[in-house]
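Colleague: Protein chains in written order, with the numbering used here: chain A, 10 to 264; chain B, 307 to 581. From the three backbone atoms N, C-alpha and C, an ideal C-beta is built for every residue, glycine too. Source: prediction; values computed, not measured. Quick one: this structure, given as structure tokens, is what I'll be asking you about.
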Amino acid sequence: MGLIREIGATLVAFLRALGSMAIFLGRLIIYAPAGLLRFRLVVQQVHNTGSLSLAIIMLSGFFVGLVLGLQGFDLLRRFNSENVLGGAVALGLIKELGPVVTALLFAGRAGTALASEIGLMKATDQLSAMEMMAVDPMKRVVLPRFLGGVIAMPFLVAIFTAIGIFGAWMIGVAWMGVDPGVFWSQMQSLVSMDDVREGIFKSIVFGVAASLVAVYEGYTAWPTAEGVGRATTRTVVITAVSVLILDYMITAALL
Amino acid sequence: MTLAAPEGNLIELRGVRFRRGNFRVFDGLDMAIPKGKVTAVMGPSGTGKTTLLRLITGQLKPDAGSVRVGEYEVPSLSLSRLYEMRRQMGMLFQNGALLTDFSVFENVAFPLREHTRLPDRLIRHIVLTKLHAVGLRGAAELFPGELSGGMNRRVALARAIVMDPDILIYDEPFVGLDPISMGVIVRLIRRLNDALGLTSVVVSHDVRELELVADHSFLLAEGRVVASGAHRELMDEDSPLVRQFMHGEADGPVAYHFPAKDYGDDLFDRGQGPR
Ligand SMILES: Nc1ncnc2c1ncn2[C@@H]1O[C@H](COP(=O)(O)OP(=O)(O)OP(=O)(O)O)[C@@H](O)[C@H]1O
Ligand SMILES: [Mg+2]
Numbered sequence: 010m011g012l013i014r015e016i017g018a019t020l021v022a023f024l025r026a027l028g029s030m031a032i033f034l035g036r037l038i039i040y041a042p043a044g045l046l047r048f049r050l051v052v053q054q055v056h057n058t059g060s061l062s063l064a065i066i067m068l069s070g071f072f073v074g075l076v077l078g079l080q081g082f083d084l085l086r087r088f089n090s091e092n093v094l095g096g097a098v099a100l101g102l103i104k105e106l107g108p109v110v111t112a113l114l115f116a117g118r119a120g121t122a123l124a125s126e127i128g129l130m131k132a133t134d135q136l137s138a139m140e141m142m143a144v145d146p147m148k149r150v151v152l153p154r155f156l157g158g159v160i161a162m163p164f165l166v167a168i169f170t171a172i173g174i175f176g177a178w179m180i181g182v183a184w185m186g187v188d189p190g191v192f193w194s195q196m197q198s199l200v201s202m203d204d205v206r207e208g209i210f211k212s213i214v215f216g217v218a219a220s221l222v223a224v225y226e227g228y229t230a231w232p233t234a235e236g237v238g239r240a241t242t243r244t245v246v247i248t249a250v251s252v253l254i255l256d257y258m259i260t261a262a263l264l
Numbered sequence: 307m308t309l310a311a312p313e314g315n316l317i318e319l320r321g322v323r324f325r326r327g328n329f330r331v332f333d334g335l336d337m338a339i340p341k342g343k344v345t346a347v348m349g350p351s352g353t354g355k356t357t358l359l360r361l362i363t364g365q366l367k368p369d370a371g372s373v374r375v376g377e378y379e380v381p382s383l384s385l386s387r388l389y390e391m392r393r394q395m396g397m398l399f400q401n402g403a404l405l406t407d408f409s410v411f412e413n414v415a416f417p418l419r420e421h422t423r424l425p426d427r428l429i430r431h432i433v434l435t436k437l438h439a440v441g442l443r444g445a446a447e448l449f450p451g452e453l454s455g456g457m458n459r460r461v462a463l464a465r466a467i468v469m470d471p472d473i474l475i476y477d478e479p480f481v482g483l484d485p486i487s488m489g490v491i492v493r494l495i496r497r498l499n500d501a502l503g504l505t506s507v508v509v510s511h512d513v514r515e516l517e518l519v520a521d522h523s524f525l526l527a528e529g530r531v532v533a534s535g536a537h538r539e540l541m542d543e544d545s546p547l548v549r550q551f552m553h554g555e556a557d558g559p560v561a562y563h564f565p566a567k568d569y570g571d572d573l574f575d576r577g578q579g580p581r
């Protein structure tokens, strides 16, 4: 009985959080046109979040590419089909690893920074001060950061994917001696436009999810040092879980 | 609508009730704040002084009663009306609440940049004038993290007056200041009020400093106004409660303790207290 009740309570709490996050997203969408009019603020945030995550995403993309190259080569060689290495790695990166890993890294780097920045502004009365100056912090602080994250994500995914493919090329072509012409032409024939579209769609969805969680957690943080700390932790955990769940749902729906 | 209310009281609270959970912060609060004067709101810690300011500025809504500011009936305002009203108010937060990633100059310029389309040259002129008024023109290019607490508050004051408000609200402006900064702030409050024709509301428990600026004072305790009048009169008043507060006596009718269960019961974890 106790266990059932506990599960029920957790479920209710989860649904309630989901609901208030959905309402929050609704408000952001209603404000979005006005936010885009002040494009300079958004560009600034694209630059902020982008430059925060760029180095870590390039580095991770490169090593993920190296590992994919090694594992892929080892696996494909058993079937005497090293030639499809380029195509296999590209498919994996474009459809899955690019969007998912980028979103996870984004949450850890830019997401936590967003959540703690907004949370700290709240804890130090900066958001109240804005309200008192007749400036809506949802529009002035939250919205540009949200839009900045949403816009930055597809670019970060593209960079991650490109560098990952380059890493696999280094292993396959430069080291293991796969023919470069075959490497690229296999990639071209294996990867269809639909695959690319799937990757772009995922990167947009994950961008919305990761940015939403970060700004929501920051904005609703308990206004204390501890509350801000908890908000950053929750940002990483909630983003990771929801990205993986969303990834499954999108993949299943598109198959 | 404007704040240009009929002469007399610019801010009026009638029968205001407000609770936080089980705790009744206000229970039938009446208060009238005259136009053009410096009004002090005093009271022991935790009596709801900050809460009162949040009710006046519409950051909180009362459970019952009316809050009128100029022609605005605050609790029933739409968000856009609320912002329209706040544009005519300035508020100094307890800790300054400056935007930490903007310079001092940009902090003071912030309301101008958000609400007006003034050319940069004019903004610069206005901002430097206001910074000069608080003695910090030389700190324009510093960031809030590089300022002392007192300087932070003076910058926040410059920011609060940059839109030339009709009402200026101060939450605990004297806390944690050295005697010099204290004197500076005291004189600023008076000078700004008279020079700009403002209505000022100062929340504080520093009876001595208030004596220098307040034209009219209210003393809050236990959810209502327990005394009001010219500051000097309050100093001389005979009622035990007023004397206790104005002269800082520990014993008296004002409870120093937040409502709690019996001390002995609490220490030895016996029985159920009142809450
Ligand atoms: N966010 C909140 N949630 C619950 N209770 C609160 C909250 N803020 C204030 N209170 C309660 O409301 C009462 C009034 O608080 P308020 O901050 O207005 O006091 P104050 O007079 O400004 O005190 P101080 O002089 O210490 O600043 C306090 O007893 C406090 O416990
Ligand atoms: Mg207070």
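1. Residues of the segment 448-476 of chain B with a CB closer than 7 Å to any CB of chain A: list them in chain order, please.
2. Using a Cβ-Cβ cut-off of 7 Å (strictly less than) and excluding sequence neighbours within five positions of A:Ala119, which residues of its own chain qualify?
3. Determine the direct distance from the alpha carbon of A:Ser251 to that of A:Glu15, and round the result to whole angstroms.
4. Please report how far the alpha carbon of B:Glu517 lies from the alpha carbon of B:His537, in whole angstroms.
5. Could you tell me if B:Pro479 is buried or exposed, where buried requires 16 or more neighbouring beta carbons within 10 angstroms of its beta carbon?
6. Report yes or no: is there a C-beta of chain A within less than 7 Å of the C-beta of B:Ala272?
7. What are the boundary residues of the beta strand (DSSP E) that A:Ile16 is part of?
8. In whole angstroms, what separates the C-alpha of B:Asp333 from that of B:Gly321?
9. Would you call the segment 314-328 of chain B and the segment 165-175 of chain A touching, i.e. three or more CB-CB distances under 8 Å?
10. Over the uninterrupted beta strand (DSSP E) stretch that includes B:Met348, give me the two end residues.
11. Under 7 Å between the Cβ atoms of B:Tyr389 and A:Ala143?
12. Any chance the CB of B:Thr353 is under 6 Å from a heavy atom of ligand 2?
13. Ignore the nearest five residues each way along the sequence and tell me which others in A:Gly216's own chain have a CB closer than 7 Å to its CB.
14. Let me see if you follow: with CB-CB separation under 7 Å, is B:Arg330 close to chain A or not?
15. Closer than 8 Å by C-beta to B:Asp477: which residues in its own chain qualify, once you throw out the five before and the five after it? Chain order, please.
16. For the beta strand (DSSP E) containing B:His522, name the first residue and the last one.
17. Mapping the DSSP letters down to three states, classify B:Asp369 as helix, strand or coil.
18. Contact between the segment 328-347 of chain B and the segment 529-544 of chain B: three or more CB pairs below 8 Å?
19. Could you tell me if the beta carbon of B:Arg330 falls within a distance shorter than 6 Å of some heavy atom in ligand 1?
20. Look up B:Ile473 in the DSSP assignment and give the residues it is bridged to.
21. The alpha helix (DSSP H) spanning A:Ser215 covers which residue range?
22. Just grab the DSSP bridge partners of B:Ala338 for me.
23. Do we get a CB-CB distance below 7 Å when we pair A:Met141 with the residues of chain B?
24. May I ask you to report which of helix, strand or coil DSSP gives B:Gly579?
25. For the putative contact between B:Ser487 and B:Gly456, defined by C-beta atoms under 8 Å, what is the C-beta separation to the nearest angstrom?
26. Name the DSSP bridge partner or partners of B:Ala464?
27. Grab the span of the beta strand (DSSP E) containing B:Ser259 for me, first residue to last.
28. Mind checking whether A:Leu77 and A:Val98 have CB atoms under 7 Å apart?
29. Please identify the residue among B:Pro450, B:Ala439 and B:Met337 whose C-alpha is closest to the C-alpha of B:Val468.
30. Output, in chain order, the set of chain B residues within a Cβ distance shorter than 8 Å of A:Thr133.
31. Can a CB atom of chain A be found closer than 7 Å to the CB of B:Pro417?
32. Counting only beta-carbon separations shorter than 7 Å, does A:Ala138 have a partner in chain B?
33. Between the C-alpha atoms of A:Ala171 and A:Leu50, what's the straight-line distance to the nearest angstrom?
34. Taking the alpha helix (DSSP H) that B:Arg419 belongs to, which residues open and close that run?
35. Which residue from B:Leu428, B:Leu361 and B:Gln394 puts its Cα closest to that of B:Pro381?
36. Determine whether the Cβ of B:Glu420 lies closer than 7 Å to any Cβ atom of chain A.
Modeller: Reading from the atomic positions:
1. The segment 448-476 of chain B vs chain A, Cβ under 7 Å: nothing.
2. Position 110 of the first sequence, counted from the start, is the residue given in the question as residue 119 of chain A. So the list reads Thr58, Leu61, Ser62 and Gly158, once near-sequence residues are dropped.
3. Here residue 15 of chain A refers to the residue found at position 6 of the first sequence. Here residue 251 of chain A refers to the residue found at position 242 of the first sequence. Using only the alpha carbons, I get a separation of about 22 Å.
4. By 1-based counting over the second sequence, the position of residue 517 of chain B is 211. By 1-based counting over the second sequence, the position of residue 537 of chain B is 231. Taking the straight line from one Cα to the other gives about 6 Å.
5. One-based indexing of the second sequence puts residue 479 of chain B at position 173. In the assembly as shown, B:Pro479 is a buried residue. Its beta-carbon has 16 or more other beta-carbons within 10 Å.
6. Outside the modelled stretch of chain B, which goes from 307 to 581, sits residue 272 of chain B, for which no answer is possible.
7. In the first sequence, residue 16 of chain A corresponds to position 7, counting from 1. Here A:Ile16 belongs to no beta strand (DSSP E); instead the alpha helix (DSSP H) covers Gly11 to Leu46.
8. What you label residue 333 of chain B is simply residue 27 of the second sequence in a count that begins at 1. What you label residue 321 of chain B is simply residue 15 of the second sequence in a count that begins at 1. Looking at the two C-alpha atoms, the distance is approximately 8 Å.
9. Not touching, per the Cβ criterion.
10. The residue given as residue 348 of chain B occupies position 42 in the second sequence. Element bounds for B:Met348: Val344 to Met348.
11. By one-based count along the second sequence, residue 389 of chain B stands at place 83. By one-based count along the first sequence, residue 143 of chain A stands at place 134. Contact: yes.
12. In the second sequence, counting from the first residue as 1, residue 353 of chain B sits at position 47. For ligand 2, not one heavy atom lies less than 6 Å from the Cβ of B:Thr353.
13. The residue labelled residue 216 of chain A in the question sits at position 207 within the first sequence. So the qualifying residues of the chain are Gly158, Val159, Met162 and Pro163.
14. Reading the second sequence from its first residue, position 24 is the one you call residue 330 of chain B. Not an interface residue.
15. The residue given as residue 477 of chain B occupies position 171 in the second sequence. Here the set comprises Lys355, Thr356, Leu359, Met397, Leu398, Phe399, Gln400 and Val509.
16. The residue you call residue 522 of chain B lines up with position 216 of the second sequence. Its beta strand (DSSP E) spans residues His522 to Ala527.
17. The sequence position of residue 369 of chain B within the second sequence is 63, counting from 1. Three-state result, B:Asp369: coil.
18. Because the criterion of three Cβ pairs below 8 Å is met, the segment 328-347 of chain B and the segment 529-544 of chain B touch.
19. Counting from one through the second sequence, the residue named residue 330 of chain B turns up at place 24. Taken from the Cβ of B:Arg330, every heavy atom of ligand 1 lies 6 Å or farther away.
20. Counting from 1 along the second sequence, the entry for residue 473 of chain B is found at position 167. B:Met395 and B:Thr505, per the DSSP bridge assignment.
21. Here residue 215 of chain A is taken as the residue at index 206 of the first sequence, counted from 1. It is Phe, not Ser, that sits at residue 215 of chain A in the sequence shown. Residues Met202 to Tyr228.
22. Position 32 of the second sequence, counting from 1, holds the residue named residue 338 of chain B. In the DSSP assignment, B:Ala338 is bridged to B:Glu318.
23. Taking the first residue of the first sequence as 1, we reach residue 141 of chain A at position 132. Cβ-Cβ to chain B under 7 Å: yes for A:Met141.
24. Within the second sequence, residue 579 of chain B is the residue found at index 273, counting from 1. Any answer about B:Gly579 is weak, because its pLDDT of 47 lies below 50 and its placement is not dependable; what the coordinates show is given next. The answer is coil: DSSP assigns B:Gly579 none of H, G, I, E or B.
25. As a first step, residue 487 of chain B is located in the second sequence; it is residue number 181 there, counting from the start. As a first step, residue 456 of chain B is located in the second sequence; it is residue number 150 there, counting from the start. Rounded, the Cβ-Cβ distance is 4 Å, consistent with contact.
26. Within the second sequence, residue 464 of chain B is the residue found at index 158, counting from 1. DSSP output for B:Ala464 lists no bridge partner at all.
27. The displayed coordinates of chain B run from 307 to 581. Any statement about residue 259 of chain B would go beyond what the structure contains.
28. The count along the first sequence starts at 1 and reaches residue 77 of chain A at position 68. The count along the first sequence starts at 1 and reaches residue 98 of chain A at position 89. Yes, they are a contact pair.
29. Taking the second sequence and counting its residues from 1, the one referred to as residue 468 of chain B is at position 162. For B:Val468, the nearest C-alpha among the options comes from B:Ala439.
30. Sequence index remark: in the first sequence, residue 133 of chain A carries index 124 (1-based). In chain order: Asn401, Ala403 and Thr406.
31. As a working mapping, residue 417 of chain B is identified with position 111 in the second sequence. Under the 7 Å criterion on CB atoms, B:Pro417 is classed as interfacial with respect to chain A.
32. Here the question's residue 138 of chain A lines up with position 129 in the first sequence. Cβ-Cβ to chain B under 7 Å: yes for A:Ala138.
33. For the purposes of this step, residue 171 of chain A is taken as the residue at position 162 of the first sequence. For the purposes of this step, residue 50 of chain A is taken as the residue at position 41 of the first sequence. CA-CA distance, A:Ala171 to A:Leu50, rounds to 28 Å.
34. To locate residue 419 of chain B, count along the second sequence from 1; it is residue 113. Here the alpha helix (DSSP H) through B:Arg419 covers Val410 to His421.
35. Your numbering for residue 381 of chain B matches position 75 in the second sequence. Among B:Leu428, B:Leu361 and B:Gln394, the Cα nearest to that of B:Pro381 is on B:Leu361.
36. Translated into positions along the second sequence, residue 420 of chain B becomes position 114. Contact with chain A is found for B:Glu420, since one of that chain's Cβ atoms lies less than 7 Å from the residue's Cβ.
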